Each structure stands twice: as structure tokens, then as C-alpha cells.
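Visitor:
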Amino acid sequence: MKPKRKKLITTLLVAVAVIAVIAGLYLYAGKEPFIRTTLSGLTLGSLFFMVAAGLSLIFGLMDVLNFAHGALFMLGAYMGWQLYTNPTFIFGMLPTVTAFTCGVLVSPVIKPFLIRWELPEQWQKTLPKIAYVLAIVLLILAFLNFNIMELASTAMVAATTTMVGNPLAEITPQEPLAQFWYRPVLLIISGLLVAFASSKPGVKTEFAPKEDLLKKAVPSILLFALTIIATLFRESAPIAILLMNGNLRFLIAIFVAVAFGFMFGALIEITLIRPLYVRPFFIVLMTLGLSFVIRELVQLLWDPLAYQMVRPPLFAQSGKAASLLEWLQNGNATINISGVTFPTYRLFVILLGFLMFVIVTIIMTKSRLGMIIRAGVQDPQMVEALGINVKRVFTFVFAFGVALATLGGIGAGPFLPIQPLMGDQFQMLGFITVVIGGMGSYVGAFVGAIILGMGRAFGDYFALKLSLSPAVSEASTVIIMVIVLLIKPQGLFGKKE
Amino acid sequence: MVNRRDAIKKNKLVSSMKGEGTLLVLLVVLILFPFVMSFITGTGMNEGVTKFWQGQLIIFFIMAVFAMSYDLLMGFGGILSFGHAASFGGGAYTFALLMKHVVPPITHNYRITIGSVNITDAIVLIVVFLVVLLVSILIGLLFAATSIRLKGAYFAMLTLALGSAMHMLVKATDFHKWTGADEGLHGVPVPVWLNPTQNRLTVYFVSLAFLIICYLLMKRMVNSPTGRVIIANRENEDRMRMIGYNPVTYRTIAFVSASIFAGFAGALYSIWNTSATPTMVSAVMTVNALIITILGGMGTLVGAILGAAIMQVISQFFYTWFGARWPLVFGVLFILIVMFLPYGIIGTWRMKKHDLKQFFEQGKRIIAQKKTLNQEEEA
Numbered sequence: 010m011k012p013k014r015k016k017l018i019t020t021l022l023v024a025v026a027v028i029a030v031i032a033g034l035y036l037y038a039g040k041e042p043f044i045r046t047t048l049s050g051l052t053l054g055s056l057f058f059m060v061a062a063g064l065s066l067i068f069g070l071m072d073v074l075n076f077a078h079g080a081l082f083m084l085g086a087y088m089g090w091q092l093y094t095n096p097t098f099i100f101g102m103l104p105t106v107t108a109f110t111c112g113v114l115v116s117p118v119i120k121p122f123l124i125r126w127e128l129p130e131q132w133q134k135t136l137p138k139i140a141y142v143l144a145i146v147l148l149i150l151a152f153l154n155f156n157i158m159e160l161a162s163t164a165m166v167a168a169t170t171t172m173v174g175n176p177l178a179e180i181t182p183q184e185p186l187a188q189f190w191y192r193p194v195l196l197i198i199s200g201l202l203v204a205f206a207s208s209k210p211g212v213k214t215e216f217a218p219k220e221d222l223l224k225k226a227v228p229s230i231l232l233f234a235l236t237i238i239a240t241l242f243r244e245s246a247p248i249a250i251l252l253m254n255g256n257l258r259f260l261i262a263i264f265v266a267v268a269f270g271f272m273f274g275a276l277i278e279i280t281l282i283r284p285l286y287v288r289p290f291f292i293v294l295m296t297l298g299l300s301f302v303i304r305e306l307v308q309l310l311w312d313p314l315a316y317q318m319v320r321p322p323l324f325a326q327s328g329k330a331a332s333l334l335e336w337l338q339n340g341n342a343t344i345n346i347s348g349v350t351f352p353t354y355r356l357f358v359i360l361l362g363f364l365m366f367v368i369v370t371i372i373m374t375k376s377r378l379g380m381i382i383r384a385g386v387q388d389p390q391m392v393e394a395l396g397i398n399v400k401r402v403f404t405f406v407f408a409f410g411v412a413l414a415t416l417g418g419i420g421a422g423p424f425l426p427i428q429p430l431m432g433d434q435f436q437m438l439g440f441i442t443v444v445i446g447g448m449g450s451y452v453g454a455f456v457g458a459i460i461l462g463m464g465r466a467f468g469d470y471f472a473l474k475l476s477l478s479p480a481v482s483e484a485s486t487v488i489i490m491v492i493v494l495l496i497k498p499q500g501l502f503g504k505k506e
Numbered sequence: 032m033v034n035r036r037d038a039i040k041k042n043k044l045v046s047s048m049k050g051e052g053t054l055l056v057l058l059v060v061l062i063l064f065p066f067v068m069s070f071i072t073g074t075g076m077n078e079g080v081t082k083f084w085q086g087q088l089i090i091f092f093i094m095a096v097f098a099m100s101y102d103l104l105m106g107f108g109g110i111l112s113f114g115h116a117a118s119f120g121g122g123a124y125t126f127a128l129l130m131k132h133v134v135p136p137i138t139h140n141y142r143i144t145i146g147s148v149n150i151t152d153a154i155v156l157i158v159v160f161l162v163v164l165l166v167s168i169l170i171g172l173l174f175a176a177t178s179i180r181l182k183g184a185y186f187a188m189l190t191l192a193l194g195s196a197m198h199m200l201v202k203a204t205d206f207h208k209w210t211g212a213d214e215g216l217h218g219v220p221v222p223v224w225l226n227p228t229q230n231r232l233t234v235y236f237v238s239l240a241f242l243i244i245c246y247l248l249m250k251r252m253v254n255s256p257t258g259r260v261i262i263a264n265r266e267n268e269d270r271m272r273m274i275g276y277n278p279v280t281y282r283t284i285a286f287v288s289a290s291i292f293a294g295f296a297g298a299l300y301s302i303w304n305t306s307a308t309p310t311m312v313s314a315v316m317t318v319n320a321l322i323i324t325i326l327g328g329m330g331t332l333v334g335a336i337l338g339a340a341i342m343q344v345i346s347q348f349f350y351t352w353f354g355a356r357w358p359l360v361f362g363v364l365f366i367l368i369v370m371f372l373p374y375g376i377i378g379t380w381r382m383k384k385h386d387l388k389q390f391f392e393q394g395k396r397i398i399a400q401k402k403t404l405n406q407e408e409e410a
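Spelled out as C-alpha cells, the structure:
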């Protein structure tokens, strides 16, 4: 049989089977339970996809099993939630972070000059060491007496009081500018020292052309400007954010979570994972340790408690909307979908999941970067041989994957309890999703996530209806995975080994 | 010639003794420990501080065996399994289930005696341990079966999923009557002479003996031809297949043996706790073993023992030093170890040992040269 025809026939068969299963479930369960279960299955599926998409991309391109993905998902939820209810924390921390990064990012600008510097050999080794030590000392000095815990602890107040009244009541005072100013300055100097040390002054074997210096300076100049702005508006920005409309605030929260995820992911890749590409086995252990640290850090800052994020006003008003239009006008908490009452926020999660899938698809198929990524999944060596800076692509993909995870986190924030372990279950299911869909395939991740979500939802439904054990829905994931792996060991959409 | 060969043999013997010398000293220390401790503190063998530290060491012995069995898989076989806790928990649950639900009716109704000595308990215990062995072998075979078709990350994921399936099975509410679901099995009836509260010293020596036996067995296994093939499987599977060994067979051997050791460790752990809880089957347990192995050094059995000791100390003292958030310090430490000491403590020591020796010898040579120079000058 011709391979094309074979493919067509299998597609047809699968389509028929899927339709038959759906029809069977519909006939068996009846209209309303079917719609309700399907919708909750889709909600779960979108959440799984948000975790699995990043995992799948990262694994497909870099062969990195990211065990910190669940922790990063959780971190995204925390960051978004912080901006939503307690912007003091983020705005209080922002100047310090930008100041340090601005200093470090000077590195590509000064490197061409530093490596041409005539230095005796003994200084080539000792000078960076001295610079590192000085940088650490300055770092410690900059954070001395800086009360991070108090900035974070306002969140606990915010969580217990209702937001209906005056939201400004929870703002805690920050350090006045007259006291605060030296911290960013010290951090910039510290960052500059790190940049100085990492560009290896005097080492002749390093390579750095003196071209495009202005272009290379742009990020650090931008960050410098941002540092100044962030330092000046440190105290007023949280008030401005809290006075905003809740929906807008939520939008900003999503943006902040994604931006944070992207930058944090890039940071992790460059500092922790890049040195380990020569020993791939240890990357797994590194991410495992990282998840430990992130989880404990979050517990240190916000205590090991579960928080409830207040839903944005668009999803908060009581009452049932009859249609989509009515919901958008009134912001009801539930909506009527052909006779089924369904929470609007869950609908939003489904939309978010599908939107993410569309965005990922566009990036992967239409952009040059996406082409490089897909080519890299197929054959990384070839891509490298064609003269593409694979290192940078790796960093981008890791950062992008983490950003997807943090987006999932903030998306899940308003309807899951926000707690340090909220990502772990999703990480496990994300792994299974990736295995089902095939490593490195975002379409596979999407299909796998929906299958798993449906399995969960219908498992719960049948467990309730036929009075089976609730473990049925949990076990369904493993059963689905085993079946898929027995039929296609490389996953549904995976490449053949 | 003969003399020389004898000398080499003797040297070999001496060097092998040297390797085990520290371990032998440690063994003597561990054997004497309860007595010395009770002598120093003036507390009885089965009370106070002495009893507490015996307990800590018992956990250390058991975790050391579990970590060694994991090392057998990961360090020697190059198999990254995230479901190894299934064997450990499987052993623990098998033991606890049998002791709690199957054994009491039997001992109640039947009695086996030799002359006038009642040996029912002993026979029953042996049979229970045989069943534990059987279950561990089956779990090992199950995991090995998955590794036939899958490799790399897929395999790691599947083991993770299989492990979590075990966890689900243990936690399933359907078997509440048998396994106690979320709470686990508590109050497992253990024979009086093995009861950790009444006769802790016996349990101490039993687990110490268990550790020694397992260490010797695993060492023998690693150094045997089979063990060599398992290590070769880690290094290059294709080449091994080309030479004519079947990788699947040897992977299965690695899995089954690791599973047996882990299963027995689990059974002993359930004796020590007189319970079997879902945590013993969860991924946390596997990750613990993984961390211990990395800490001490992959591919070294001694490393797993050392790592287990360090973990025990850390979990004892870090809480008092750093408060409730001690895992943060530990996590940072772990990241640093992965970054800068990838071969663990023992592995790095073994690598640097040679350099250090050379360094000292160079120093010696320089001193000797100076001496001869001085002598020449004097002359």
C-alpha cells in the first residue's frame, strides 16, 4: 500500500473512531451531562496543555527533561497573584533586579575592549576573581536591611481581607527614596563588576568583534532607564495599580507573569543549564534541585499556606448570564450553555488554552525562529552546521517554554488554590501529556492534553454514575499512556527514532 | 619470578584490604556504638539518647541499602528510573499486608514445633520474606519489561507513571479495608524479638547485618562478569550488542536485583516503622534515593552509604540550624554539588586522590633532591 493512502486510511479510521466514541458518550450520558463533562474536560485539557507545551518544546529541541516546570507554573501563579493583590512586592523588588541586570548586560559592549587589554598573565586570572568577590560584597551590602519578607507579607493581609471595600487599605509603606537610592546604585556597580569579570579581561583567545556596539548597548541602556523609572515610581505605582479596574489589573498580571517567566527562564538557561550541556544527565538533577529551591523560596516568602485569588470583576458578579454577550456586559460568574450552568472563568481558561495553541502554532509555522526550532527538533547538528547560533535559540526556547508555564499558572490562579505544591500535579500530567503526544510536537501536546483532560472528566463522571472508585479518573491517565505507548512508542505525533 | 608474583598478589591483597580498611573500622565503630553510647551517657541500652541514636542509625542503614540499590540501576546500569520507590514500597506493603491480615489467623490456628520448640513465628517470617522476594522480582520484571521498547526520556517518563500508578493503587479507597488508603497500614504485628520499641538493639544489629550483607552482595555482583556487562551496557549499548550480549537480558538482571534489594529494604523499613504508608511508594522516596546517590557519588556503592549518612545528619541538624525552611539551604547545596561536584563526594575524591598523591610525591622528590644537593654541597 502506498504510504500516502495508508496515512489517509488511518486518519479516516481515527476520525471515525473518535466520532463514534463521542457519539456513544453523548447517547449514553444524555445531552446535559455530556456538555458539562466535556466542558470541564476541556478546562483541564487547556491547563495540561499550558504545562505540556513548554515541556514538549524544551524537550524536543534540547533533550532537557525540565523537572522544575511545575514549580515554575506555581511561580507564575504567585507572581500574577502578587501583582493583582499586592503590587508592593513586585514594584519594591523591580528596581533592584533591573539595576543588577542592566549592569550585567553591559558585558557584550565592554568585552571587545577588555580582551584587547594588555594584561600580565597572573592578573588575567586574579582580576576576575577579585571582581567577583567585590560584586558579591556589594550585592550583600545592597540587600542589607532590605526587608523583602515584609514586602511579601502584605499579601497575607490582602488575602484575608475582602477587596470590595477600599483596596488601598492594605498598602504597606516602603522605604523612603532617600533611604532606598543607594541600593540600585550599588547593584548597578555590582552588575558591572560581574560583566567585567565574565568578559575575561586580557584573554587573547576570546573572540569579540568591535562591531554593532551601539546595538549591543541598547538593552542595558533601556534597563538603565527602566531602573530610574522604577526607583522613582516605586511607591506610587502600587497605588496606581490597585486603583485600576480589576479586569485591567488582571490583564497586567498576566503580562507580568509571562514577562517574568520569560526572563527567569532565560536566566536559568544561561546560568544553570548551559554549563551542563556536556553532561546531559545532570540537567535533570539540576532542574530537580531548582524545583526544590523555588518551592522553598516561595514558602519562605509567603508561608506554606493556600491562598484564594479573587476573580477579576468580569467573572465575579453573581447571577447567570443567558448568553456570551450578556456575560461580557454584566460580568456574571456563571453562564448558561445550552441548559448547562458553567462558570465563566473556566470558559476563559478554555479560551486561553486555545489562544495559546493558536499563538504557538503561528510562531512555530510562520516565523523564522519557529522554522529554526522545528528544524532543530529534527536535527540539531544540521541546524548548527548551517551557521545558526543554536545557543541563542536554546535560550529562547527555554525562556519561551517557561513563559508558557507561567502563563498557565496565572491562568489557573483564580480558580485553583494558590499554594506551593499547585504545580506538581500538573507537572506529572504534563509529562504524561508530552509522552502521549510525542516529544517536541506542540500539536501532539495539544491533542494529548485534550485526551487526558477528557479522560479525567469522563473518568470522574463514570465513577460517580456507576459508583466506582474515584481512583478511576486518576488511573485513566496512566492507562491512556500505556495504551498509546504500546501502539506508538514514540507518541501520537512524535518523530520516529 | 615466583617471588615477584607472590609479592604482587600480596600487594593486591594489601591494597584491597586498604580499600576496605576504613570500612572495617567504621563497622567496628558501628558495632560498638550502642554499648559505648550507653556507657558514656549512662542511659540503658533501650532508653533515652542511646535508643534515639540507634533509631537514627537504623534509618540510615535501611536508606543506605535503598540508595545502593538505586545506584545499581543508575550509577552502574545507567538506567534512570523514577519509579524505584515502587519496589521499596512494594516490599513494605507486602510485608505489612501479610503480617497484618494473613499471618495472625494462621498462627492462631496452626503451630509448628520441633520437639518442644515453637518455630511457627520463624517459619512464618521466612515465608513472608520469600513472598516479599517474589513481589520484588515481579515489580522488577514489570519495570524491565517497559524498558524493552522504550529508551531515554520516554523510559524515564514511563517509570515515573508506573511509580505513580503504584502510588494510586496504594492510595485507592477501594482497598481501604486492606491497605488503609491515605493513612496507610499502621500497627503491623511484628514478632516481639524484632519489635523496634521493645528490642531496638536487635533491630539495630539486624539492619546493620542487612546493610553489610547487601553491600557485600552488591559489590560481588558489580565486580562479577555480569556486573561488568551491566556497566558496559551503560557505556555503549550498540557495541555491547555487537559483541553478542543481549542488552535486554542484562537490563532485566539489573532491574530485578535492584528491585530485590529495594524490596527487602522496604520490608525492613516497615518493621522499623511497624507501618506502611503511601509516602514509601511515592516519588518523594525515589527522589530521596536519587539525591543520596548524587551526594555520595554515582557508580560507587560506598558513595551511596556516605550519602545516606549525610542525608540523615542533614535531616537531623538542618532543622535546628536553619529552621523550617532548611530544604532551601539543602536545595542550594544540591545545585552546587550538581554544578561543581558532578561525581559526588566519593567520585571526586577518587578522581582527585591520584592528583593529591602525585602532588605529595612531587614534594617528596623535591625535598629529596634538595637533600642530595645539600649533601653534595657539604661534600
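Going line by line, the protein sequences match chains Z and F. Positions in the first sequence are counted from 1; adding 9 to them yields this note's numbering. Positions in the second sequence are counted from 1; adding 31 to them yields this note's numbering. Where a beta carbon is used, it is the ideal one built from N, C-alpha and C, also for glycine. These numbers come from a predicted model, not from an experiment.
Does the count of Cβ pairs from the stretch 93-102 of chain F and the stretch 238-245 of chain F closer than 8 Å reach three?
Guide: Contact holds: three or more Cβ-Cβ distances are below 8 Å.
Visitor: Following the continuous beta strand (DSSP E) through residue 341 of chain Z, name the residue where it begins and the one where it ends.
Guide: It spans 341-346 - the beta strand (DSSP E) in which residue 341 of chain Z sits, taken as one unbroken run.
Visitor: For residue 316 of chain Z, list the residues DSSP reports as bridge partners.
Guide: Bridge partners of residue 316 of chain Z: Z:427.
Visitor: Quick one, are the C-beta atoms of residue 208 of chain Z and residue 119 of chain Z less than 9 Å apart?
Guide: Taking 9 Å as the Cβ cut-off, residue 208 of chain Z and residue 119 of chain Z qualify as a contacting pair.
Visitor: Can you confirm whether residue 500 of chain Z, when its beta carbon is compared against all beta carbons of chain F, has any partner nearer than 9 Å?
Guide: So yes, residue 500 of chain Z belongs to the interface.
Visitor: Would you kindly work out how many angstroms separate the C-alpha atoms of residue 141 of chain F and residue 294 of chain F, rounded to a whole number?
Guide: C-alpha separation (whole angstroms): 28 Å.
Visitor: Any chance the stretch 402-419 of chain Z sits against the stretch 267-275 of chain Z, with 3 or more Cβ pairs inside 8 Å?
Guide: Contact holds: three or more Cβ-Cβ distances are below 8 Å.
Visitor: Residues bridged to residue 8 of chain Z by DSSP?
Guide: With chain Z running from 10 to 506 in the structure shown, residue 8 of chain Z is simply not present.
Visitor: Within 10 angstroms of its Cβ, does residue 91 of chain Z collect 16 or more other Cβ (buried), or is it exposed?
Guide: Residue 91 of chain Z is buried by the Cβ-count criterion.
Visitor: Check the DSSP bridge columns for residue 352 of chain Z and list the partner residues they point to.
Guide: Residue 352 of chain Z pairs with Z:343.
Visitor: Near residue 243 of chain Z, which residues of its chain fall below 8 Å by C-beta distance, leaving aside the five closest residues on each side in sequence?
Guide: Around residue 243 of chain Z: 100, 101, 103, 104, 183, 186, 189.
Visitor: In chain F, which residues lie with their C-beta within 7 Å of the C-beta of residue 308 of chain Z?
Guide: 356, listed in chain order.
Visitor: Using a Cβ-Cβ cut-off of 9 Å, state whether residue 490 of chain Z counts as contacting chain F.
Guide: With 9 Å as the cut-off, residue 490 of chain Z counts as an interface residue toward chain F.
Visitor: I'd like the span of the alpha helix (DSSP H) that includes residue 124 of chain F, first residue to last.
Guide: Segment 116-128, the alpha helix (DSSP H) holding residue 124 of chain F.
Visitor: What's the C-alpha gap between residue 278 of chain F and residue 323 of chain F?
Guide: Distance between the alpha carbons of residue 278 of chain F and residue 323 of chain F: 27 Å.
Visitor: Within a Cβ cutoff of 7 Å, which residues of the same chain sit near residue 255 of chain Z, ignoring the five residues on either side of it in sequence?
Guide: Excluding sequence neighbours, residue 255 of chain Z sits near 321, 322.
Visitor: Across which residues does DSSP place residue 144 of chain F in a beta bridge pair?
Guide: Looking at the DSSP assignment, residue 144 of chain F forms a beta bridge with F:149.
Visitor: Residues of chain F with CB closer than 8 Å to the CB of residue 441 of chain Z, please, in chain order.
Guide: Going along chain F in sequence order, the residues near residue 441 of chain Z (Cβ under 8 Å) are 188, 192.
Visitor: Using the three-state DSSP reduction, which class does residue 172 of chain F fall into: helix, strand or coil?
Guide: If DSSP states are grouped into helix, strand and coil, residue 172 of chain F belongs with the helices.
Visitor: List the DSSP bridge partners of residue 307 of chain F.
Guide: According to DSSP, residue 307 of chain F bridges with F:216.
Visitor: Run through chain Z and tell me which residues come within less than 8 Å of residue 366 of chain F, C-beta to C-beta.
Guide: Chain Z residues near residue 366 of chain F: 281, 295, 298, 299, 302.
Visitor: Could you give the distance in angstroms between the alpha-carbon of residue 223 of chain F and the alpha-carbon of residue 67 of chain F?
Guide: One C-alpha to the other measures close to 25 Å.
Visitor: For residue 362 of chain F, return the contacting residues in chain Z, with the cut-off set at a CB-CB distance below 7 Å.
Guide: Going along chain Z in sequence order, the residues near residue 362 of chain F (Cβ under 7 Å) are 298, 301, 302, 305.
Visitor: Once DSSP output is grouped into helix, strand and coil, what is the label at residue 25 of chain Z?
Guide: The answer is helix: DSSP assigns residue 25 of chain Z an H, G or I state.
Visitor: Could you check the C-alpha separation between residue 333 of chain F and residue 376 of chain F for me, to the nearest Å?
Guide: Distance between the alpha carbons of residue 333 of chain F and residue 376 of chain F is about 10 Å.
Visitor: Can you give the Cα-Cα distance for residue 501 of chain Z and residue 488 of chain Z, rounded to whole angstroms?
Guide: Going by the C-alpha atoms only, they are around 15 Å apart.
Visitor: Mapping the DSSP letters down to three states, classify residue 25 of chain F as helix, strand or coil.
Guide: Nothing can be reported for residue 25 of chain F, as the shown portion of chain F is limited to 32 through 410.
Visitor: Counting beta carbon pairs with one atom in the stretch 217-230 of chain Z and one in the stretch 130-146 of chain Z, are three or more of them shorter than 8 Å?
Guide: Because the criterion of three Cβ pairs below 8 Å is not met, the stretch 130-146 of chain Z and the stretch 217-230 of chain Z do not touch.
Visitor: According to the neighbour-count rule (16 or more other Cβ atoms, all chains shown, within 10 Å of its Cβ), is residue 60 of chain Z buried or exposed?
Guide: Burial call: buried.
Visitor: According to a CB-to-CB cut-off of less than 8 Å, which residues of the stretch 120-153 of chain Z neighbour chain F?
Guide: Those residues of the stretch 120-153 of chain Z that come within reach of chain F (Cβ to Cβ, closer than 8 Å) do not exist; the list is empty.
Visitor: Does DSSP put residue 175 of chain Z in a helix, a strand or coil?
Guide: Summary for residue 175 of chain Z: the model assigns pLDDT 49, below 50, so the residue's position carries little reliability, and this model does not support an answer.
Visitor: Measure the C-alpha to C-alpha separation of residue 233 of chain F and residue 62 of chain F and round it to an integer number of angstroms.
Guide: Rounded to the nearest angstrom, the two C-alpha atoms are 12 Å apart.
Visitor: Since residue 484 of chain Z meets chain F, which of its residues come closer than 9 Å, beta carbon to beta carbon?
Guide: Ordered by position in chain F, the residues that pass the 9 Å Cβ test against residue 484 of chain Z are 196, 199, 200, 203.
Visitor: When we look at the beta-carbon of residue 31 of chain Z and count the other beta-carbons within 10 Å, is it buried (16 or more) or exposed?
Guide: Residue 31 of chain Z is exposed by the Cβ-count criterion.
Visitor: Starting from the beta carbon of residue 116 of chain Z, find every residue of chain F whose beta carbon is closer than 9 Å, and list them in chain order.
Guide: What residue 116 of chain Z touches in chain F: nothing, since even the nearest Cβ is about 20 Å away.
Visitor: Does the beta-carbon of residue 12 of chain Z have 16 or more other beta-carbons within 10 angstroms, so that it is buried, or is it exposed?
Guide: Residue 12 of chain Z comes out exposed.
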